[in-house]
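Undergrad: Quick one: this structure, given as structure tokens, is what I'll be asking you about.
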Amino acid sequence: MRCFCVVLLVTAFFSCQPGSSAEPPIQGTWHLQSGTTVTKNDTVVTDYTKGQKMLKIINESHFAFLRHDLSKGKDTAIYDGGGGIYTLDGNKYTELLEYCSARDWEGRSFEFTVTINKDTLVQTGVEKLADLGIDRIITEKYIRVK
3 MRCFCVVLLV
13 TAFFSCQPGS
23 SAEPPIQGTW
33 HLQSGTTVTK
43 NDTVVTDYTK
53 GQKMLKIINE
63 SHFAFLRHDL
73 SKGKDTAIYD
83 GGGGIYTLDG
93 NKYTELLEYC
103 SARDWEGRSF
113 EFTVTINKDT
123 LVQTGVEKLA
133 DLGIDRIITE
143 KYIRVK
């Protein structure tokens with residue numbers, strides 16, 4: 003019994019130490035489930051769990067995303083990838099896309115509003131690239147990979 007009390011006290015002591023807090027809830031690996039894109043009056047909903055897979059990985063300073071088809075290019079070949087740095091201020095999440103398979107997108111910032119509820123991340127924002135003729139609102143729903 004005495005040993006149990008000592009272990010309990012040591013555990014309580016170390017769990018209260020500064021710097022032992024859990025990582026922010028946005029950090030981790032996320033699997034894209036669906037996306038909604040609104041361009042003018044046109045809305046397109048994409049199920050990213052059928053025939054393709056996309057992951058977004060977020061650590062303390064950087065994000066990366068990878069998307070590919072599941073048929074290994076036999077049907078419609080898909081591969082997208084990119085990443086860069088991000089900032090998070092409350093629910094304002096801003097990505098600076100430093101690397102991207104769509105090279106015209108590199109060096110641009112995108113601002114999103116994020117919500118996290120248990121294992122679900124939803125991000126909504128505007129992609130506006132006037133020189134590329136892109137002006138749309140996107141909403142993406144991710145599930146945390148465990």
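Using this note's numbering, the letters of the sequence shown map in sequence onto residues 3 to 148. Cβ coordinates follow ideal geometry from the N, Cα and C atoms, glycine included. Bear in mind that the values here come from a model prediction, so they are computed numbers and not experimental data.
#1: Quick check: the Cα distance between G83 and P27, rounded to an integer number of angstroms?
#2: Tell me the rounded alpha-carbon separation between S23 and E62.
#3: What residues in its chain sit with their C-beta under 7 Å from that of D106, if we drop five residues either side in the sequence?
#4: Give me whichever residues DSSP pairs with E129 in a beta bridge.
#5: Opposite Q35 in the DSSP bridges: which residues?
#6: Residues in its own chain within less than 6 Å of I80 by CB, not counting five upstream and five downstream?
#7: Which residue's Cα is closest to the Cα of H64: K42, G30 and T78?
#8: Just to confirm, is the Cβ distance from T126 to I145 under 8 Å?
#9: Expressed to the nearest angstrom, what Euclidean distance is found between the alpha-carbon atoms of K74 and A104?
#10: In whole angstroms, give me the CA-to-CA distance for E142 and N119.
#11: Just the C-alpha distance for I87 and S36, rounded to the nearest angstrom, thanks.
#12: Using DSSP bridges, identify the partner residues of N119.
#13: First and last residue of the beta strand (DSSP E) that includes Y95?
TA: Working from what's here:
#1: 23 Å
#2: Here the model assigns S23 a pLDDT of 47, short of 50, so the residue's position is not dependable, and the following value carries that caveat. Whole-angstrom Cα-Cα distance: 13 Å.
#3: So the list reads L134, once near-sequence residues are dropped.
#4: R138
#5: None, per the DSSP bridge assignment.
#6: Here the set comprises Q54, H70 and D71.
#7: Out of K42, G30 and T78, G30 has the C-alpha closest to the C-alpha of H64.
#8: no
#9: 20 Å
#10: For E142 and N119, the distance between alpha carbons rounds to 14 Å.
#11: 23 Å
#12: T122
#13: K94 to C102
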